[in-house]
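Encoded as structure tokens, the structure appears first; notes follow it.
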Amino acid sequence: MTTLAGPPLWQRIKPHLAVFDLPMLLILFLLSCAGLLVMWSAAFDFPGRFVDHFRNYMIMLGVMFVMANISPQILLRVAVPLYVVGVVLLIGVEAFGIIRKGAQRWLNVGVTVIQPSELMKIALPLMMAWYFNKYESMLKFKDFIVAGIILLIPFALILKQPDLGTGLLILSSGLFVLFFAGFPWRIIIPLTVAAVIGLVTIVVMEDKLCAPDLDWRILHEYQKNRVCTLLDPFNDPLGKGFHTIQAMIAIGSGGIIGKGYMQGTQTHLEFIPERTSDFILAVYSEEFGLIGVLLLIACYIALIFRGLSIAAAAPTAFMRLLAGAMSMIFFVYAFVNMGMVGGILPVVGVPLPFLSYGGTALLTLGVACGILMSIARQKGLVQR
Numbered sequence: 001m002t003t004l005a006g007p008p009l010w011q012r013i014k015p016h017l018a019v020f021d022l023p024m025l026l027i028l029f030l031l032s033c034a035g036l037l038v039m040w041s042a043a044f045d046f047p048g049r050f051v052d053h054f055r056n057y058m059i060m061l062g063v064m065f066v067m068a069n070i071s072p073q074i075l076l077r078v079a080v081p082l083y084v085v086g087v088v089l090l091i092g093v094e095a096f097g098i099i100r101k102g103a104q105r106w107l108n109v110g111v112t113v114i115q116p117s118e119l120m121k122i123a124l125p126l127m128m129a130w131y132f133n134k135y136e137s138m139l140k141f142k143d144f145i146v147a148g149i150i151l152l153i154p155f156a157l158i159l160k161q162p163d164l165g166t167g168l169l170i171l172s173s174g175l176f177v178l179f180f181a182g183f184p185w186r187i188i189i190p191l192t193v194a195a196v197i198g199l200v201t202i203v204v205m206e207d208k209l210c211a212p213d214l215d216w217r218i219l220h221e222y223q224k225n226r227v228c229t230l231l232d233p234f235n236d237p238l239g240k241g242f243h244t245i246q247a248m249i250a251i252g253s254g255g256i257i258g259k260g261y262m263q264g265t266q267t268h269l270e271f272i273p274e275r276t277s278d279f280i281l282a283v284y285s286e287e288f289g290l291i292g293v294l295l296l297i298a299c300y301i302a303l304i305f306r307g308l309s310i311a312a313a314a315p316t317a318f319m320r321l322l323a324g325a326m327s328m329i330f331f332v333y334a335f336v337n338m339g340m341v342g343g344i345l346p347v348v349g350v351p352l353p354f355l356s357y358g359g360t361a362l363l364t365l366g367v368a369c370g371i372l373m374s375i376a377r378q379k380g381l382v383q384r
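FYI, in full-length UniProt numbering the residues of the sequence shown are 1 to 384.
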């Protein structure tokens with residue numbers, strides 16, 4: 001009896017692995033190695049956190065694989081329903097949400113508790129890309145106004161929770177879609193000038209604006225404190241300014257080449273708060289120094305440029321806008337976190353991409369990478 005041997009295992013697996021974009025996969029591998037390396041040091045007294053972090057990476061890889069296999073045409077069809085569901089859930093949070101640590105951000109849906117604002121990180125750019133794709137051939141200024149309303153609805157609901165960090169991430173993703181869709185420079189330039197003037201005014205009038213009895217009205221008291229702490233962290237070095245001061249000490253003490261792996265005194269003497277999540281860059285900087293940080297930044301730049309190259313070669317407006325927004329998500333995450341830890345931006349609770357501990361953030365980043373890989377396959381951009 002003759003037995004016919006099937007194809008080797010590698011040949012059966014190869015078609016499934018072909019969905020991965022190899023340049024992007026290589027960059028993610030380097031970032032993941034850096035994340036696991038620094039997490040081992042940062043989580044020395046958090047039993048099980050390193051194992052959980054590794055598990056989160058595996059989940060991210062699985063989510064990325066699934067999203068890479070979903071065609072952009074399917075994403076186009078689900079953009080509107082996903083956005084509507086996200087807005088309804090955010091309204092549900094406002095009406096019935098669970099309050100934790102003074103914030104109303106979570107919703108009990110029976111089987112589990114969810115944070116709908118995380119869904120909007122993907123649903124909003126999907127919706128805006130769908131809208132501009134629909135009206136691409138007859139785009140008018142009123143379409144940018146409608147898109148702005150689409151953006152401001154979830155942003156306002158998230159600010160109400162309050163959740164400034166997530167709100168800024170969602171706002172920036174929508175603004176990038178507006179920019180890539182061709183938002184007029186005659187409006188961008190005046191808005192930029194107004195923002196710069198506002199920032200300079202805050203710096204110049206720090207003493208008056210940060211007076212304890214002054215109510216900023218548009219911001220919560222804790223948000224006002226974060227801005228004022230940024231301007232002068234030494235005003236309350238053992239309280240509101242402690243996080244920023246200790247992070248700056250750790251970064252400065254790392255010098256050019258760092259103190260060496262597992263040799264960070266600020267880390268291992270437990271001076272750095274939230275050292276496995278929001279402030280993990282301080283741990284990394286102390287141990288690997290300026291050279292290590294520059295290499296890390298180079299990886300982020302390579303990831304962003306790879307994403308933008310995929311966006312530039314995408315065949316439809318929907319794919320171009322969506323890929324551009326997904327690429328710039330990495331920039332916003334990295335820029336805000338590094339600025340926050342370095343003391344040039346307020347502390348807003350934004351994780352460092354692929355390094356900070358947190359399954360939700362890795363899940364969102366995995367979805368973004370998977371979407372980019374799916375779009376790359378539409379024009380044969382995947383390098384095998």
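Built from N, CA and C at the ideal position, the CB exists for glycine as well.
These numbers were taken from a predicted model, which means no experiment stands behind them.
Could you round the C-beta distance between F330 and L352 to whole angstroms and report it? I think they count as a contact, below 8 Å. On the sequence shown, residue 330 is found 330 positions in, with the first residue counted as 1. On the sequence shown, residue 352 is found 352 positions in, with the first residue counted as 1. Contact flag wrong, Cβ pair sits at about 11 Å.
Between which two residues does the beta strand (DSSP E) carrying I256 extend? As a working mapping, residue 256 is identified with position 256 in the sequence shown. Here I256 belongs to no beta strand (DSSP E), and DSSP marks it neither H nor E.
Strand pairing of N108, partner residues [DSSP]: Residue mapping note: residue 108 aligns to position 108 of the sequence shown, counting from 1. DSSP, once it has assigned bridges, lists V113 as partnering N108.
K208, buried or exposed, once every other Cβ within 10 Å from all chains shown has been counted against 16: As a working mapping, residue 208 is identified with position 208 in the sequence shown. Exposed.
For the structure I just gave you, are there three or more beta carbon pairs, one from the segment 120 to 139 and one from the segment 319 to 327, closer than 8 Å? yes
For I98, which residues does DSSP report across the bridge? Here the question's residue 98 lines up with position 98 in the sequence shown. Paired residues: W106.
First and last residue of the alpha helix (DSSP H) that includes I310? For the purposes of this step, residue 310 is identified with residue 310 of the sequence shown, where counting begins at 1. Per DSSP, I310 belongs to the alpha helix (DSSP H) from I280 to A313.
Return helix, strand or coil for K240, following the three-state DSSP convention. Along the sequence shown, one-based indexing puts residue 240 at 240. Here K240 sits in coil by DSSP.
Report the residue from C228, V204 and V200 whose alpha carbon sits nearest the alpha carbon of A211. Position 211 of the sequence shown holds residue 211. The shortest C-alpha separation from A211 is found at C228.
Between N56, G349, I249 and L89, which lies nearest to G35 when the distance is taken from Cα to Cα? Counted from its first residue, the sequence shown places residue 35 at position 35. With distances taken between Cα atoms, G35 lies closest to N56.
If you follow the alpha helix (DSSP H) that R49 is part of, which residue opens it and which one closes it? The residue given as residue 49 occupies position 49 in the sequence shown. Run containing R49: R49 to A68, per the alpha helix (DSSP H) assignment.
Three-state secondary structure (DSSP) at P233? If you number the sequence shown from 1, residue 233 lands on position 233. Note: P233 maps to helix in three-state DSSP.
Could you say if the segment 328 to 348 and the segment 135 to 152 meet the contact criterion of at least three C-beta pairs nearer than 8 Å? no
Please work out which residues of its chain come closer than 6 Å, Cβ to Cβ, to Q246, disregarding the five sequence neighbours upstream and downstream, and give them in chain order. Residue numbering aside, residue 246 sits at position 246 when the sequence shown is read from its first letter. Closer than 6 Å at the Cβ level, and outside the excluded window around Q246, lie F271 and I272.
With respect to the alpha helix (DSSP H) encompassing Y357, which residues constitute its N-terminal and C-terminal limits? For the purposes of this step, residue 357 is identified with residue 357 of the sequence shown, where counting begins at 1. Y357 -> no alpha helix (DSSP H), and no H or E assigned at all.
Residue ranges of each alpha helix (DSSP H) run of no fewer than 4 residues wholly in the segment 112 to 168, ordered along the chain? 116 to 134 and 141 to 159
Run the CB neighbour count on G292, radius 10 Å, all protein chains shown included, and call it buried at 16 or more, exposed below. For the purposes of this step, residue 292 is taken as the residue at position 292 of the sequence shown. Per the 10 Å Cβ criterion, buried.
Can you give me the C-alpha to C-alpha distance between Q378 and A314, rounded to a whole angstrom? One-based indexing of the sequence shown puts residue 378 at position 378. One-based indexing of the sequence shown puts residue 314 at position 314. Rounded to whole angstroms, Q378 to A314 spans 7 Å at the Cα level.
Coil, strand or helix - M326 by DSSP: Along the sequence shown, one-based indexing puts residue 326 at 326. DSSP places M326 in helix when its eight states are reduced to three.
Taking Cβ to Cβ, would you say P116 is nearer than 8 Å to V80? Against the sequence shown, residue 116 aligns to sequence position 116. Against the sequence shown, residue 80 aligns to sequence position 80. For P116 and V80, no; Cβs fall outside 8 Å.
How would you label C299, buried or exposed, when you count the other beta carbons within 10 angstroms and need 16 or more for buried? As a working note, residue 299 is residue 299 in the sequence shown. Buried is the call here.
Using 8 Å as the cut-off, can you tell me whether the segment 280 to 288 makes contact with the segment 249 to 264, which would need three or more C-beta pairs spanning the two stretches below that distance? yes
Taking the beta carbon of C33 as the centre, do at least 16 other beta carbons fall within 10 Å, making it buried, or is it exposed? Working through the sequence shown from its first residue, we reach residue 33 at position 33. So C33 ends up on the exposed side.
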